[in-house]
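Reading through the structure tokens given below for one structure.
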Amino acid sequence: MQPAQATADDLVVCVDAGGTKTQAVVASRGEGQLWSYRTGSGNCATLGIEAAARVVLEAVQGALREAGYHCPGSKVDSKAGRRETTTIEDKAGRRETTPIEDQGGHSAAVDLPSPPTSAPSVDEEEDEDSDKDDTAPQRASPASAGRGPLFKAVWIGSAGISSRTVSTRFRDEVRRLLAPYCDERTAVWISNDAVLLSAAMLREPGVDRCVCLIAGTGSAGFSFRRSDGEAGQEGGELGEVPGIETVSRAGGWGYVLGDHGSGWRISLAAVQLVLRRYEERRSARRDGAATETMLERRVCAALGVSSPEELIAATYVDRSGEWSGDGDAGSGFYAAEDARKRWMAGATQAVFSAAFGGPSLEGSNSSSSSFNKGGEDRHEDEDDYETSRALAREVLDEAIDDLVALLERLTVDDDGEERTAARADAVPWLMVLGGGLWTEGRFVEMLVSAWSARRGSGGGRRALGRVRVVREPALEAGLYLRTRFLL
């Protein structure tokens with residue numbers, strides 16, 4: 000059955016259900032606005048299919064409430080999630096920042112301001128109607144009262160989608176929970192959350208291939224290309240999205256086996272450096288032993304310890320039940336390990352701060368300074384700063400080398416040949432960067448510089464074309480859905 004013609008009240012929704020947080024972005028045609036809502040982890044591999052689908056429903060209902068719809072039976076607590084709204088400015092917002100470009104060219108609109116949490120929710124205003132039997136969402140305005148379907152298209156990218164079986168089961172459960180908001184004409188796409196980054200390619204005319212490099216708490220790389228027709232990748236390991244085919248992937252092995260170049264690895268390297276230098280100071284029999292640095296103090300402060308010797312015990316402590324991300328505390332082995340991983344990755348900002356001259360972390364000049372010999376505070380003088388900067392840059396250089404290695408495994412043409420300067424006549428690919436580490440622009444510049452140097456004479460740059468940083472994958476994919484289904 001062909002989709003019905005879109006009307007001013009039709010919507011699309013994209014959900015980025017990641018391991019740390021879940022974000023739903025609802026977009027409309029008539030008003031040209033986006034509404035967003037964030038809640039906790041939506042990883043279907045760790046939460047289970049049913050629990051992850053319920054998180055998706057919570058995020059979707061939260062975004063709908065922000066759009067002015069009443070969702071009977073919604074369990075969304077307006078204070079539990081982050082409520083956001085913004086206006087799309089497709090033409091005015093585009094800017095070039097060669098060779099690096101912000102998400103989708105909409106840098107003026109990607110930061111979604113949070114309304115005051117004291118604003119009354121729609122449910123609170125309409126409690127007197129809560130006994131009604133209808134389950135479909137109703138708009139605050141009469142234009143949409145009783146009409147359906149609400150969504151023309153739904154795209155859900157969930158961490159943990161890794162096989163056809165998982166994606167099919169997740170699709171069935173999502174369709175069941177979202178039934179009040181859809182009908183048989185609604186396009187429902189289910190994919191791994193990494194596939195959302197390919198929307199940056201789909202929104203670029205003339206670009207048919209992209210390499211996506213994810214670097215957050217973990218790391219992974221993917222290569223996507225446009226496919227002919229509506230079939231797309233049919234039930235592949237990363238899910239099914241019409242018009243997109245997954246060509247290759249690299250990394251994504253998890254923090255025990257890999258995650259090279261990630262926040263976990265950067266922080267781990269920093270902690271190892273701190274411990275190594277601490278041992279040198281304790282065993283030194285001569286002057287000139289490694290002195291304590293600003294970087295070491297900031298790493299310890301970021302991890303909540305007062306001295307390097309506390310790092311070992313803090314690393315192996317049982318973290319069952321610890322709060323992680325925007326969601327509730329978890330329990331069990333996996334939740335404890337996930338909390339340990341995120342605790343360790345918390346030192347990444349300390350490394351960035353030392354490498355790029357950022358301000359001291361909150362609290363880094365308080366109790367964390369007291370582990371200096373004799374307990375006196377050390378002044379972060381110029382020598383200290385330069386030493387810290389050099390040490391931090393060494394850690395980041397190693398991470399960049401790992402990420403470039405991922406790129407090299409992904410930048411291979413269909414005939415198995417690398418896309419080097421000799422093949423510069425080929426249509427350029429787009430490099431899409433996703434994950435929290437890329438919010439630091441100077442880290443992006445390090446990657447671009449290292450990639451260009453590795454490929455030689457700019458060959459790699461010509462082969463890959465532009466670089467785009469996607470800070471909000473749900474927003475990027477939501478804008479694509481809006482263009483495809485509503486305009």
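Numbering (numbering that gives the first Met the number 0), first residue to last: 0 to 486. Glycine included, C-beta positions come from ideal geometry on N, C-alpha and C.
Counting other Cβ atoms within 10 Å of its Cβ, Trp154 reaches 16 or more and is therefore classed as buried.
According to the DSSP assignment, Lys340 belongs to the alpha helix (DSSP H) that extends over 331–344.
Exposure of Arg175 is indicated by the presence of fewer than 16 other C-beta atoms within 10 angstroms of its C-beta. Residue environment for Thr164: exposed (fewer than 16 other C-beta atoms within 10 angstroms of its C-beta). Judged by DSSP in its simplified three-state form, Ile160 adopts coil rather than helix or strand. Linking Pro427 to Ala268 through their CA atoms gives a straight-line distance of about 35 Å.
For Asp382, the enclosing alpha helix (DSSP H) stretches over residues 381–409.
Per DSSP, reduced to three states, the secondary structure at Val24 is strand. In the three-state scheme derived from DSSP, where H, G and I count as helix and E and B as strand, Leu33 is classed as strand. For Trp188, the uninterrupted beta strand (DSSP E) run begins and ends at 186–190, by DSSP. Within the DSSP secondary-structure output, Phe355 pairs in no beta bridge. Annotation for Cys209: no alpha helix (DSSP H) segment contains it, though the beta strand (DSSP E) segment containing it runs 208–214.
Secondary structure in the region 241–299: the alpha helix (DSSP H) runs of 4 residues or longer, each lying completely within the stretch, are 262–282 in chain order. Per DSSP, the beta-bridge partners of Met430 are Val210, Val466.
Check the Cα spacing between Gly260 and each of Glu385, Gly435, Ser451: the tightest is with Gly435.
Bounds of the alpha helix (DSSP H) holding Arg53 are 48–65. The criterion of a C-beta distance shorter than 8 Å is satisfied by Val431 and Val469. Excluding five sequence positions before and after Asp9, the CB atoms of its chain that fall closer than 7 Å to its own CB belong to Arg28, Lys151, Leu485, given in chain order. Shown here, Asp171 sits in a helix according to DSSP, grouped into three states.
Bridge pairing for Phe223: Cys209, Thr245 [DSSP]. For the pair Gly220 and Glu278, the Cα-to-Cα distance works out to about 36 Å.
Here Leu196 carries a helix assignment [DSSP, helix/strand/coil]. Sequence-distant partners of Ala44 (beyond 5 residues in either direction) whose C-beta falls short of 6 Å from its own C-beta, in its chain, are Gly159. Boundaries for Ala178: no beta strand (DSSP E) harbours it, and the DSSP string shows neither H nor E there. According to DSSP, Thr38 shares a beta bridge with Thr21. In the three-state DSSP reduction, Cys70 falls in the coil class, being neither helix nor strand. A distance below 8 Å separates the beta carbons of Ala476 and Cys13. By alpha-carbon distance to Gly205, the top candidate from Val187, Ile189, Arg224, Ser218 is Arg224. If you draw a straight line from the Cα of Pro241 to the Cα of Ala313, it is about 46 Å long.
Judged by pairs of C-beta atoms under 8 Å, the region 194–204 does not touch the region 248–265, as fewer than three such pairs exist. Residue range 472–480 is occupied by the alpha helix (DSSP H) that includes Leu478. Membership of Leu310 in any beta strand (DSSP E) is not indicated; the residue belongs instead to the alpha helix (DSSP H) covering 310–315. Contact annotation, Asp15 with Asp192: C-beta distance approximately 6 Å; criterion of less than 8 Å satisfied. Each residue's CA atom was taken as its position, placing Cys299 and Tyr315 some 15 Å apart.
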